[in-house]
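Reading through the structure tokens given below for one structure.
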Amino acid sequence: MYQEFYGFREKPFALTPDPEFFYLSETHWTALESLLYGIQHRMGFMVVTGEIGTGKTTLGRVLLEKLDEKVRTAVLFNSFLTEGDLLKVILQDFGFSCRGRSKKDRMDALNLSLIERLSWGENAVLIIDEAQNLSIPVLEQIRMLSNLETEKEKILQIILMGQPELSQKLQSPALEQLNQRIAIRHHLLPLPPAKTEEYIRHRLRKAGAQENITFSRSALKSIHQFSRGTPRLINLLCDRALLAGFMEQTHRIDRGIIAQAAQSLKGKEKGLSAGILPSWPARLIRWGLALILMFLFLSAGAVLGNDSIPSRERAGNLPGKQTPGLDAQACAARAKPPSSTPAQELREKTTEAHKGGHSE
Numbered sequence: 020m021y022q023e024f025y026g027f028r029e030k031p032f033a034l035t036p037d038p039e040f041f042y043l044s045e046t047h048w049t050a051l052e053s054l055l056y057g058i059q060h061r062m063g064f065m066v067v068t069g070e071i072g073t074g075k076t077t078l079g080r081v082l083l084e085k086l087d088e089k090v091r092t093a094v095l096f097n098s099f100l101t102e103g104d105l106l107k108v109i110l111q112d113f114g115f116s117c118r119g120r121s122k123k124d125r126m127d128a129l130n131l132s133l134i135e136r137l138s139w140g141e142n143a144v145l146i147i148d149e150a151q152n153l154s155i156p157v158l159e160q161i162r163m164l165s166n167l168e169t170e171k172e173k174i175l176q177i178i179l180m181g182q183p184e185l186s187q188k189l190q191s192p193a194l195e196q197l198n199q200r201i202a203i204r205h206h207l208l209p210l211p212p213a214k215t216e217e218y219i220r221h222r223l224r225k226a227g228a229q230e231n232i233t234f235s236r237s238a239l240k241s242i243h244q245f246s247r248g249t250p251r252l253i254n255l256l257c258d259r260a261l262l263a264g265f266m267e268q269t270h271r272i273d274r275g276i277i278a279q280a281a282q283s284l285k286g287k288e289k290g291l292s293a294g295i296l297p298s299w300p301a302r303l304i305r306w307g308l309a310l311i312l313m314f315l316f317l318s319a320g321a322v323l324g325n326d327s328i329p330s331r332e333r334a335g336n337l338p339g340k341q342t343p344g345l346d347a348q349a350c351a352a353r354a355k356p357p358s359s360t361p362a363q364e365l366r367e368k369t370t371e372a373h374k375g376g377h378s379e
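With the first letter of the sequence shown counted as 1, position 268 gets the number 287 in the numbering used here; the numbers rise by one all the way through.
The structure is reproduced here in structure tokens:
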């Protein structure tokens, strides 16, 4: 809807794991290089973990593109497999055939096929996404796959990708042998504020953005506050923000538009921070407290004003009491009788002069 308005060739913040839009942050670069190294040197088990939306699936897609044609791959996205289905699905994804149906038949077929590819100079990589959902019996069966090896090297490299729960599951005593065989571990971290800005600009450029679309500094800061640097949440916020900007026919995305986008996603997306956007109950409480404080302040001012400067009527109703706030001299000045008339002053001066003459 907004692509034509902003001049994009395609949506810059789609949620699909497109390797073309992959932003190689430090944490993703480290993970990618570590996996490539582990595959090249046939190190066996590797584990990559990260919170939801940190880019594990996209990392896996990029990894597949980096591998040369002599690396045969199988990728499992269904992590709710049973023990009976695991070997069957692996064989199918590698393109290997198996005549038997028993677990032993399938294991033997996989072993023979991998050894044959090894003789051709090929390597084999198995990637399992959302591996935190694998049951302990299935993980134990995967451990058995690591026994597929020659005297010198592993013939199957296994990469488990999942949420942090995967690391916790691997600490189980039942999986101690598997845990000890893991050669490479990496945990994907969220993007820091500066990298969040780079990530947004990177995706805008990839989508064909020109100079007619800008995100203000405060908007970029708000995006990081709301998303905590999680790429998936950044994409959601920016997509909603661009839609809101299109509705307002503006090419400048500011902090207010980001707040609107966050409000529309609130309660719908796990991990979205409250950021700078208070909830409606919180805002009502703040407004209520502000009104109460204002009322108390005005009331106190009215009371203090009445006490410090009483009216003449109130003073008259309090005989024998001094007016608060006034000292004795002031009261005496108020009680001084009115000045004499000009005629009286003249007579007083004449009398004083006459007396003065007699005294001399």
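Every residue, glycine too, gets a C-beta built ideally from N, C-alpha and C.
Item: Length at least 4, wholly inside the segment 56-116: the alpha helix (DSSP H) runs in chain order; Value: 75-85, 102-113
Item: Alpha-carbon spacing of histidine 47 relative to glycine 248, whole angstroms; Value: 13 Å
Item: Span separating the alpha-carbon of phenylalanine 41 from that of methionine 126; Value: 36 Å
Item: Chain-order list of residues whose beta-carbon lies under 6 Å from that of aspartate 112 (same chain, five-residue window excluded); Value: Ala93
Item: Residue span of the alpha helix (DSSP H) that contains arginine 118, given as start and end; Value: Taken as a continuous stretch (DSSP letters only), arginine 118 belongs to no alpha helix (DSSP H), as it is neither H nor E.
Item: Under the three-state DSSP convention, the category arginine 204 falls into; Value: strand
Item: Unbroken beta strand (DSSP E) run spanning isoleucine 177, endpoints; Value: 176-181
Item: Residue of Lys240, Gln22, Pro36 minimising C-alpha distance to lysine 30; Value: Gln22
Item: Distance between threonine 77 and leucine 167 (C-alpha atoms, nearest Å); Value: 28 Å
Item: Segment contact flag, the segment 52-66 with the segment 266-284, C-beta cutoff 8 Å, min 3 pairs; Value: no
Item: Glycine 264, buried or exposed, once every other Cβ within 10 Å from all chains shown has been counted against 16; Value: buried
Item: Limits of the unbroken alpha helix (DSSP H) element including asparagine 142; Value: Here asparagine 142 belongs to no alpha helix (DSSP H); instead the beta strand (DSSP E) covers 142-147.
Item: Cβ-based burial, glycine 140 [other Cβ within 10 Å; buried from 16]; Value: exposed
Item: Run of the alpha helix (DSSP H) containing asparagine 198, from where it starts to where it stops; Value: 195-199
Item: Spatial neighbours of serine 53 in its chain, beta-carbon cut-off 7 Å, leaving aside the 5 residues before and after; Value: Ile203, His205
Item: Cβ shell of glutamate 332 (< 8 Å), same chain only, five flanking positions each side left out; Value: Only weak support exists for where glutamate 332 lies, its pLDDT of 42 falling under 50; the coordinates are left without a value.
Item: Inter-residue spacing [alpha-carbon to alpha-carbon] between glutamine 190 and threonine 68; Value: 14 Å
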